[in-house]
Amino acid sequence: MEGPSLVVAGAGSGKTRVLMYRIAYLLSKGIKPGNIIALTFTNKAANEMKERIDNIAGNDIARYLWMGTFHSVFARILRSESNVLGYNSNYSIYDTTDSKSLIKSIIRELNLDEKVYKPGEILGRISSAKNNLITAQAYNNNSEIIEHDRITRRPKIADIFRIYSSRCKKSNAMDFDDLLLNTNILFRDFTDILQKYQQHFHYILVDEYQDTNYSQYLIVNKLAAVHKNICVVGDDSQSIYSFRGAKIENILNFRNDYTDYQLFKLEQNYRSTKTIVEAANSLIIKNKGQIHKKVWSDNEIGEKIKVVKTLTDTEEGFFVSNSILDTALSQQEKYSEFAILYRTNAQSRIFEESLRKRNIPYKIYGSISFYERKEIKDALAYLRLTVNLEDNEALKRIINYPLRGIGKTTVGKLEEYANNTGRSIWQVILELDTQNPGFNKGTITKLKLFADIISGNLSKLDSLNAYDLAQYIFSSAGILKDLYNGNTPEEISKYENIEELLNGIREFVEENDEEEFGTLDGYLQNISLLTNMDNEKDEDKNKVVVMTIHSAKGLEFNQIYIAGVEEELLPSRLSLDSQKNLEEERRLFYVALTRARKRVIITYAQSRFKWGLPTDVSPSRFIKDIDDEYLDWPHEERDTEGILQSDKDFSWDSQKSYLSKNVDKTSDKSQISVGGKKYSKLRNSVNIITNEKLKSPQINFKSDNPDDIQVGMKVEHQRFGIGKILHIEGNSTNRKASVFFQELRQEKQLLLKFAKLKIINSL
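Position 71 of the sequence shown, counted from 1, bears residue number 78 in the working numbering, the numbering being contiguous throughout.
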């Protein structure tokens, strides 16, 4: 119980249960719940642990634990200590939408090109800096960073960062990254405050330690410096978030940080079949940077992992959807037990289309959440402004909603005047009688009416609970009336969403009525810190889940399809430059495999469309990394290099709904036979070209200007040979040509800006 502990928990080994029982044990030994801090990565995980602890310990004791996400726990600390950093305790928490909106305004003010200074990319750059504890001032003073921005032709990022930080503070707001950055600054600059929390937290527990970034790592280390009773749980084999700043070194170097640590390994997998577990082991053992463990399972052996080769990515989608339909019917499996996993979001379209065509219900995981819907963000902005009048982003969002005749020009003048005079927009509106930025009488009247609505809300702030206050605000603002009068299904749905939001506020009040955070301010903090996983609504659970492998971490399903397991896709082309990046991609594939309880099917295509053209691709090296004894290669064998020897057509003839064993040799080569029907091997009206028909790329091939190409011309393509332009459509930037190629005896449609055609003879 005492001292530092590292629990390395293999996939499916029940690591959450370990944390839960450790906390329950501490409580049983008389440790006060307020002296325990447990950090997770989702509120969902924290809430589940609280429920389980209450079931074990009873007396509703879990509510007194400091348990939650890094952001929620540190936000709570900052609420108490923010005054020393120059913030009020009612500060707003900006989400990504708020931050992008503010950055976009700054880019416009600086007269910068938004195509060069893309708000999302700039926010990512700022976020990365903050997670590495680089403030705006430090960023501006770092010559290497400034030089990097100059080379990448975005020299004004430092200015944007500086203004962004200044505006956030003036609005009494922090973004997600500020919660970690400011906690670090708090503990660095105010040793008395650090010592207070070091003495307060006797026991520290951290879940998913392999996913912590540098900022989180430092905070945890500082808090644990006195008592050293720190227990971290994680799996280095599932460290897949380096793009978010996660550092696998945090878990690998735990023994260096705490030399007297105890190591515990949870190696039994309770989730998957023996075959899946052994296959995953044979894969991940290829990584050098890891804490070695031997994960095992006492479950049934299970079937081998099927590896399926398809001719194209379209046929891959066709196979997967048909396989799901067949398995669901033959095995009486719920659709919710199927998941399609892929490396990039762009791969989802093919699966969406194929699932829709077969009337298979599905859900794209990570799609727009309840709290990201416009009407909900509008409603929450009213609540935010009521609590924090300095919140300029909230004010700008609702000043003309519902419509009250206050246009963008007026808002722009207000914002400019506020920035120039060092005031908030709300202060400018209140002072219109004495300081007029140049508005006519009608505009001033409209602004005062808006101010009266907000002032009326403020008058109720101390007398009503969060639910009654929210209901009053939505009514006085005209939101309920505006949506209630709607007649379309979309408008009715928006009204119902506001009703659901109020239901959520009522539940919050009932659960927190006696607590400090049972206020509107507390509710807003709770909502602003929800993650995408916490926001998911279970409106209809019986749906196939379609998502990236990154989104699948922590989930499990009976049936897993891992699609597009190809070189330069998984592993990603961007990961091939270093062994470290390649090992993370292998861990990503490991995560995908270990999501499955019963069955895994790996698919890859021989040809994948890129920019409108079929491109030959090869199976991923990671398939080769899995020992052969755990794989089922239908009608194919691997040679010593792990490459498929046979070019025979694959067979999915276990059910008639699959593609037939042999392509109809007598039919048109552009067709395949499925269940006795002919289907064209076409995607986006472009014929699939077999490998033997394609020419080898020519050396020193020089194409002509695509704008010079006209109907009737004879042209040459680097791989397709000589062709004739039959038809051209589209504008100058998206001209598409129909070209008949003699050697292929086929017509293809090509985007001219990408086709690289050489003119053989002009008109």
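Built from N, CA and C at the ideal position, the CB exists for glycine as well. From a predicted model like this one, the values you see are computed outputs, not experimental measurements.
Nearest to residue i by CA position, among the options, is which residue?
i: S244; options: Q532, D398, G730, T601; result: T601
i: Q206; options: L188, H234, T219, V227; result: H234
i: G414; options: P713, F446, N519; result: F446
i: G429; options: Y491, S178, K311; result: S178
i: K455; options: E438, I43, S99; result: E438
i: E750; options: I766, F77, F727, N426; result: F727
i: F77; options: R29, A16, G19, F183; result: F183
i: N366; options: A335, Y372, K381, N352; result: A335
i: Q275; options: L410, A18, W640; result: A18
i: Y32; options: G65, R174, S20, R132; result: G65
i: E307; options: V314, F345, Y277; result: Y277
i: G449; options: I569, S431, V435, T417; result: T417
i: A458; options: S330, I371, S483, S470; result: S483
Could you spell out where the alpha helix (DSSP H) holding residue i opens and where it closes?
i: V284; result: 281-291
i: L212; result: Counting along the chain, L212 falls outside any alpha helix (DSSP H), though it belongs to the beta strand (DSSP E) covering 210-213.
i: N263; result: 261-264
i: E359; result: 355-364
i: Q223; result: 221-230
i: T416; result: 415-428
i: D182; result: No alpha helix (DSSP H) contains D182, which is instead part of the beta strand (DSSP E) from 180-182.
i: L758; result: That residue, L758, is in no alpha helix (DSSP H); its beta strand (DSSP E) goes 753-758.
i: Y474; result: 473-484
CA-CA distance, residue i and residue j?
i: N149; j: T159; result: 16 Å
i: S614; j: T319; result: 5 Å
i: H299; j: E154; result: 41 Å
i: F747; j: Y124; result: 42 Å
i: K763; j: D711; result: 7 Å
i: I192; j: I84; result: 13 Å
i: I44; j: Y210; result: 6 Å
i: K107; j: E359; result: 29 Å
i: E397; j: K403; result: 11 Å
i: Y597; j: S500; result: 40 Å
i: Y349; j: T452; result: 55 Å
i: D584; j: M27; result: 41 Å
i: S289; j: D634; result: 6 Å
i: Y342; j: I152; result: 49 Å
i: E88; j: I200; result: 8 Å
i: F708; j: V572; result: 32 Å
i: F629; j: P578; result: 8 Å
i: R117; j: I255; result: Going by the sequence as given, residue 117 is Leu instead of Arg. Looking at the two C-alpha atoms, the distance is approximately 39 Å.
i: D264; j: Y216; result: 14 Å
Starting from residue i and walking both ways along the beta strand (DSSP E), at which residues does that stretch end?
i: Y204; result: Premise fails: Y204 lies in the alpha helix (DSSP H), 198-207, not in any beta strand (DSSP E).
i: A458; result: Here A458 belongs to no beta strand (DSSP E); instead the alpha helix (DSSP H) covers 448-466.
i: F271; result: 269-273
i: W73; result: 73-76
i: K316; result: 312-319
i: L46; result: 43-47
i: Y369; result: 369-371
By Cβ distance below 7 Å, which residues in the same chain neighbour residue i in space, the five residues on each side in sequence not counted?
i: E285; result: Y637
i: G309; result: T280, K281, T282, I283, K605
i: I480; result: Y389, L390, T393, N464
i: N395; result: N97, Y98, S99, N179
i: P704; result: Note that P704 has pLDDT 47, beneath the 50 cutoff, so the model's placement of it is unreliable and the number below is only indicative. Excluding residues within five positions, the ones whose Cβ falls inside 7 Å are Q725, R726.
Ordered along the chain, which non-local residues of its own chain (more than five positions away) have a Cβ less than 6 Å from that of residue i?
i: R252; result: Checking the displayed sequence, the identity of residue 252 turns out to be Gly instead of Arg. The answer, listed in chain order, is N138, N220.
i: A69; result: K57, I60, D61
i: Y101; result: A180, D182
i: A16; result: K22, V240, D242, L273
Once the 5 residues before and after residue i are set aside, which same chain residues still bring their CB inside 8 Å of it?
i: G93; result: K176
i: N768; result: M720, K721
i: A473; result: I512, F515, V516, G525, T526, L527, G529, Y530
i: I735; result: I716, Q717, V718, R742, K743, A744, S745, L759
Just grab the DSSP bridge partners of residue i for me.
i: H724; result: G728, L764
i: M554; result: L348
i: C238; result: S12, L212
i: E736; result: K743
i: A559; result: In DSSP, A559 forms no bridge with anything.
i: R580; result: Answer by DSSP bridge pairing: none, since R580 is not bridged.
i: A824; result: Nothing can be reported for residue 824: it is not among the residues displayed for the chain, which extend from 8 to 770.
i: E575; result: S579
i: V607; result: I567
i: T622; result: R615
With a threshold of 9 Å between beta-carbons, can residue i be considered close to chain B, or not?
i: K316; result: Given the protein chain composition of this structure (a single chain), no chain B is represented.
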